[in-house]
Amino acid sequence: MPYVDTELVISAVPAGGHRQFAEGTTLYLAVAPDTRDVNSDDVQVAPHEVSGRETVDLIKLAPAGVDAISVRRIGGEDTPLPALANRARVACRGALGVDAFGAALDITVGCVVDTSASMARMVADGTLDVAIDIFAGLAAAVSGDQPVRTVLAGRDVTDVAGGSLAELRTRVRDAMAANGFGIGADIDSAVDRISETVQHTVVITDAPSRTVPGYLGVGWINLIGSGDRTTGFDGAVLPPPSQGVSAESFYHANPHLIDAAVAALVAPLRAATR
19 MPYVDTELVI
29 SAVPAGGHRQ
39 FAEGTTLYLA
49 VAPDTRDVNS
59 DDVQVAPHEV
69 SGRETVDLIK
79 LAPAGVDAIS
89 VRRIGGEDTP
99 LPALANRARV
109 ACRGALGVDA
119 FGAALDITVG
129 CVVDTSASMA
139 RMVADGTLDV
149 AIDIFAGLAA
159 AVSGDQPVRT
169 VLAGRDVTDV
179 AGGSLAELRT
189 RVRDAMAANG
199 FGIGADIDSA
209 VDRISETVQH
219 TVVITDAPSR
229 TVPGYLGVGW
239 INLIGSGDRT
249 TGFDGAVLPP
259 PSQGVSAESF
269 YHANPHLIDA
279 AVAALVAPLR
289 AATR
């Protein structure tokens, strides 16, 4: 750079006419004076993961006295997430057409997990883990640093311990192991309870979609085959993995299924970004 006589912000945008950075994109930035002096100072910015972003402000430069400038990094890194959760975060940003919500638009979200006995096979094959990762990616995209509440819906409603989104699937599994599976799930009561403290709730269940009640501010992840989807169901449907294949491997090989699930989940949220 030749000189800095006023405050400057260095930003990055996707090249080639793309609307957002592709998944797995990391930016590397170095800034130095426009001089042949081999001893000139330069600034190396730590690698910045920008998957799913439309534009990223990286650093701010400003005059700081004679022959000096101040350099301040803008923002921080995305919270590390498992690969499928990160895919969901990128898809969520793309579906909503935003990088992140401003503080005044942060949306608090929560999750209700069905713990009826029929869900045991989804735990065993890993489909529930995938669903939890999808929710974690959505939460990371729309909630910022706000805490996320998760509850188990059985005959009673049980809170899952708080913590990082990256470890959410582990905490849900631990809570389910401690509480066990039951006959039926009182999803209505769980949604009512969690909706008292969050603006948008995601329900993960294997209940046939025709039995799912309609709520404002609630999205649904149905863990049943796509052939069981009924007309008029607006939620996400996660088909089971192929025989002998783990759900995680299946969805890694079919990322479009993550994108489709996220698109269905965020449909009620699009109005909040307009």
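Residues 19 to 292 in our numbering are what the sequence shown spells out, letter by letter. Beta carbons: idealized from backbone N, C-alpha and C, even for Gly.
(message) DSSP has Leu241 in a bridge; who is on the other side?
(response) DSSP lists no partner for Leu241.
*Between Ile150 and the rest of its own chain, which residues show a CB-CB distance below 6 Å, the 5 nearest in sequence each way excluded?*
Cβ within range, chain order: Leu186, Arg187 and Val190.
* Asked: How big is the Cα-Cα spacing for Pro258 and Leu287?
  -> So the two alpha carbons sit approximately 26 Å from each other.
**Report entry** Between the CA atoms of Ala106 and Val130 - distance to the nearest angstrom
**Finding:** Between Val130 and Ala106, the C-alpha separation is close to 18 Å.
**OP:** Output yes or no for whether 8 Å exceeds the beta carbon distance between Val209 and Val236.
**Re:** Closer than 8 Å, so yes.
When you compare only the Cα positions, how much space is there between Gln38 and Gly198? About 42 Å.
**Report entry** Simplified DSSP assignment, three categories, for Asn134
**Finding:** In the sequence under discussion, the amino acid at residue 134 is Ser, which differs from the Asn named in the question. Ser134: strand per DSSP, three-state reduction.
Going by Cα to Cα distance, which pick from Thr215, Ile212, Thr176 and Gly180 is closest to Gly200?
Among Thr215, Ile212, Thr176 and Gly180, the Cα nearest to that of Gly200 is on Thr176.
On a CA-only basis, which of Val169, Gly144, Gly253 and Asn240 is nearest Glu266? Give me that one, please. Considering only alpha carbons, the answer is Gly144.
Whole angstroms are fine: how far does the CA of Asp192 sit from the CA of Asp60?
Going by the C-alpha atoms only, they are around 48 Å apart.
Straight-line Cα distance separating Ala30 from Ile239: Ile239 and Ala30: Cα-Cα distance of roughly 35 Å.
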